[in-house]
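Data first, discussion second: the structure below is written as structure tokens.
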Amino acid sequence: MGHSSCWDWSWKFDTGSHPPSPLSLARGDPSPHVMASSDVARQLYYQPDIGVKGPFTSPTDNHDAGKKNCRSLFLSGHVGFDSLPDQLVNKSIHQGFCFNILSIGETGIGKSTLIDTLFNTSFDDHVSTHFQPNVRLKAQTYELQESNVRLKLTIVNTVGFGDQINKDDSYQPIVDYIDAQFEAYLQEELKIKRSLYNYHDTRIHVCLYFISPTGHSLKTLDLLTMKNLDSKVNIIPVIAKADTISKSELQKFKIKIMSELVSNGVQIYQFPTDDESIAKINATMNGHLPFAVVGSTEELKIGNKVVKARQYPWGIVQVENENHCDFVKLREMLICTNMEDLREQTHMRHYELYRRCKLEEMGFRDTGPENKPVR
Numbered sequence: 001m002g003h004s005s006c007w008d009w010s011w012k013f014d015t016g017s018h019p020p021s022p023l024s025l026a027r028g029d030p031s032p033h034v035m036a037s038s039d040v041a042r043q044l045y046y047q048p049d050i051g052v053k054g055p056f057t058s059p060t061d062n063h064d065a066g067k068k069n070c071r072s073l074f075l076s077g078h079v080g081f082d083s084l085p086d087q088l089v090n091k092s093i094h095q096g097f098c099f100n101i102l103s104i105g106e107t108g109i110g111k112s113t114l115i116d117t118l119f120n121t122s123f124d125d126h127v128s129t130h131f132q133p134n135v136r137l138k139a140q141t142y143e144l145q146e147s148n149v150r151l152k153l154t155i156v157n158t159v160g161f162g163d164q165i166n167k168d169d170s171y172q173p174i175v176d177y178i179d180a181q182f183e184a185y186l187q188e189e190l191k192i193k194r195s196l197y198n199y200h201d202t203r204i205h206v207c208l209y210f211i212s213p214t215g216h217s218l219k220t221l222d223l224l225t226m227k228n229l230d231s232k233v234n235i236i237p238v239i240a241k242a243d244t245i246s247k248s249e250l251q252k253f254k255i256k257i258m259s260e261l262v263s264n265g266v267q268i269y270q271f272p273t274d275d276e277s278i279a280k281i282n283a284t285m286n287g288h289l290p291f292a293v294v295g296s297t298e299e300l301k302i303g304n305k306v307v308k309a310r311q312y313p314w315g316i317v318q319v320e321n322e323n324h325c326d327f328v329k330l331r332e333m334l335i336c337t338n339m340e341d342l343r344e345q346t347h348m349r350h351y352e353l354y355r356r357c358k359l360e361e362m363g364f365r366d367t368g369p370e371n372k373p374v375r
């Protein structure tokens with residue numbers, strides 16, 4: 001191309017990268033944008049595509065041009081970049097992970113017991129009374145370790161939810177809390193001297209919404225709350241204390257709940273089916289929502305096995321028996337299979353929506369190469 005060519009730099013992201021802020025783009029900041037230490041450490045990097053100088057084109061045009069100019073080549077010998085996945089895994093294990101759960105439900109519905117059961121430990125949460133004048137959110141952070149993997153787990157409990165006579169605004173403190181975590185992350189992201197690498201990410205990754213086992217329909221409070229939260233957080237609805245209603249009633253209740261959610265336009269989290277390795281199990285589990293759960297930290301001996309269970313005069317309900325409840329399904333979907341997708345959806349979808357709205361309020365528009373504010 002001679003002297004008429006130049007390097008045409010285009011943004012390249014891996015699946016867990018944090019998008020650069022408009023301020024960093026406007027400054028032309030060359031430093032890579034790094035995720036918080038509690039997230040998987042993935043760096044934003046630049047990759048050159050060779051192009052000819054010309055009029056400014058949109059990012060979409062540049063992306064398409066980059067595809068056309070990119071050639072696939074064969075390697076004559078081993079280079080070593082096939083070790084990148086191992087490098088990422090090792091770095092992630094060294095840094096540890098974070099996961100933040102918001103549990104919403106009426107007082108005494110079994111939120112704390114279920115969380116204890118999910119993580120096989122006791123978080124020593126104090127029992128709340130039914131006489132709370134307002135809804136307040138209480139966050140507790142814990143360090144957990146399984147094998148060589150460290151997890152910083154934050155549990156946010158809604159104290160006093162549904163206890164007030166006038167429940168119309170019960171969801172507002174929850175909305176405010178979620179937005180406050182987004183705002184804290186955005187402010188850190190927009191700093192000149194950012195420290196996202198060491199930032200403790202408090203954004204909510206999943207909301208476990210506990211539905212009372214009435215067997216009839218969702219309460220107005222449930223629909224109102226989930227409707228106001230579905231654009232801000234990944235909602236997984238669960239039917240609490242599912243051992244208090246019969247199997248036939250439970251199945252009808254599930255169908256009724258899903259019907260009401262759809263008719264009211266409430267978007268709950270759907271387990272992803274775009275990954276072939278988990279598509280089948282996730283598609284099946286989407287059909288089991290909402291999960292009917294039972295929690296218990298009490299251990300009973302049944303035969304030669306010691307299991308977590310609840311004992312009643314009429315019999316025993318085993319928490320991890322899939323014929324008795326959906327607890328195992330919930331744990332499998334929430335922790336074993338989709339924890340990383342929940343973290344990813346929080347950043348790429350919910351936080352991105354909040355960030356875009358806030359930056360537009362500040363005057364930023366995607367109108368030019370420098371992304372300068374419109375005045």
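Read the sequence shown against the UniProt record's numbering and you will find it ends at 375, with the numbers running on by one and no gaps.
Yeah, the Cβ is synthetic: ideal placement off N, Cα and C, and Gly gets one too.
These figures come from a predicted structure and were not determined experimentally.
CB K227 to CB V266, shorter than 8 Å? yes
Of the choices Y177, C325, S217 and V233, whose alpha-carbon is the least far from that of E344? V233
H282 burial status per 10 Å Cβ neighbour count (16 or more: buried): Looking at the sequence shown, residue 282 is not His but Asn. Flag for N282 reads buried.
From L151 to V307, what distance separates their C-alpha atoms? 25 Å
Contacts around A36, its chain only, beta-carbon distance under 6 Å, and the 5 residues preceding and following it disregarded: Only weak support is given to the placement of A36: the predicted model assigns it a pLDDT of 40, under 50, and the question is left unresolved by the model.
Please confirm if the region 154-166 is in contact with the region 314-323, defined as three or more CB-CB distances below 8 Å between the two stretches. no
Helix, strand or coil for residue 377? Go by DSSP, reduced to three states. The requested residue 377 does not occur in the structure, where the chain is confined to residues 1 to 375.
Three-state secondary structure assigned by DSSP to R349: helix
Would you call K241 buried or exposed, if buried means 16 or more other Cβ atoms sit within 10 Å of its Cβ? buried
Delimiting residues of the alpha helix (DSSP H) encompassing K280: E276 to N286
Using 10 angstroms around the beta-carbon of V238, count the other beta-carbons present and answer buried if the total reaches 16, otherwise exposed. buried
Closest by CA to E143, which one among D176, C98 and V159? C98
Is the beta carbon of L208 sitting closer than 8 Å to the one on I109? no
Any heavy atom of the ligand PLP within a distance shorter than 7 Å of the CB on Q164? Among the components of this structure there are no ligands whatsoever, and the ligand PLP is therefore not found.
May I ask you to report which of helix, strand or coil DSSP gives I257? helix
Alpha carbon to alpha carbon, what distance is there between S103 and K53? Bear in mind that a pLDDT of 37 at K53, under 50, signals an unreliable position, so the model cannot answer this.
Could you have a look at P290 and say whether DSSP puts it in helix, strand or coil? coil
Evaluate the contact criterion for the region 242-257 versus the region 206-222: three or more CB pairs, one atom per stretch, below 8 Å. yes
Coarse secondary structure for V233, derived from DSSP in three states: coil
Specify the secondary structure class of A184 as computed by DSSP and reduced to three states. helix
Under DSSP, the alpha helix (DSSP H) around N90 begins and ends at which residues? L84 to Q95
Once DSSP output is grouped into helix, strand and coil, what is the label at K301? strand
Report the three-state DSSP secondary structure of L114 (helix, strand or coil). helix
Return the chain-ordered list of same chain residues with a C-beta closer than 8 Å to the C-beta of A180, the five sequence neighbours on each side being excluded. none
Going by the DSSP bridge assignment, what does V175 pair with across the sheet? According to DSSP, which records beta bridges pairwise, V175 is partnered with nothing at all.
Sort out for me which residues DSSP pairs L151 with in a bridge. F97 and L144
Assuming P173 and V206 make a contact with CB atoms under 8 Å, what is their CB distance in whole Å? So it is not a contact: roughly 19 Å between Cβ atoms.
Using 10 angstroms around the beta-carbon of H94, count the other beta-carbons present and answer buried if the total reaches 16, otherwise exposed. exposed
Give every residue of the same chain whose Cβ lies closer than 6 Å to the Cβ of I316, excluding the five residues on either side of it in the sequence, and list them in chain order. A309
Same chain, Cβ closer than 7 Å to D222, five either side skipped, listed in chain order: I211
V135 lies in the alpha helix (DSSP H); which residues open and close that run? First-last for V135: undefined, no H or E at that position.
Spatial neighbours of F182 in its chain, beta-carbon cut-off 7 Å, leaving aside the 5 residues before and after: R203, Y351 and Y354
Which listed residue (P313, T225 and V293) has its alpha carbon closest to that of D168: T225
Distance check for K358 and P114, CA to CA, integer angstroms please. It should be noted that the sequence gives Leu, not Pro, for residue 114. Looking at the two C-alpha atoms, the distance is approximately 36 Å.
Pull up the distance between the alpha-carbon of C325 and that of G363, whole angstroms please. 51 Å
Nonlocal neighbours in the same chain, by C-beta distance under 7 Å from L186, ignoring five residues either side: R355 and K358
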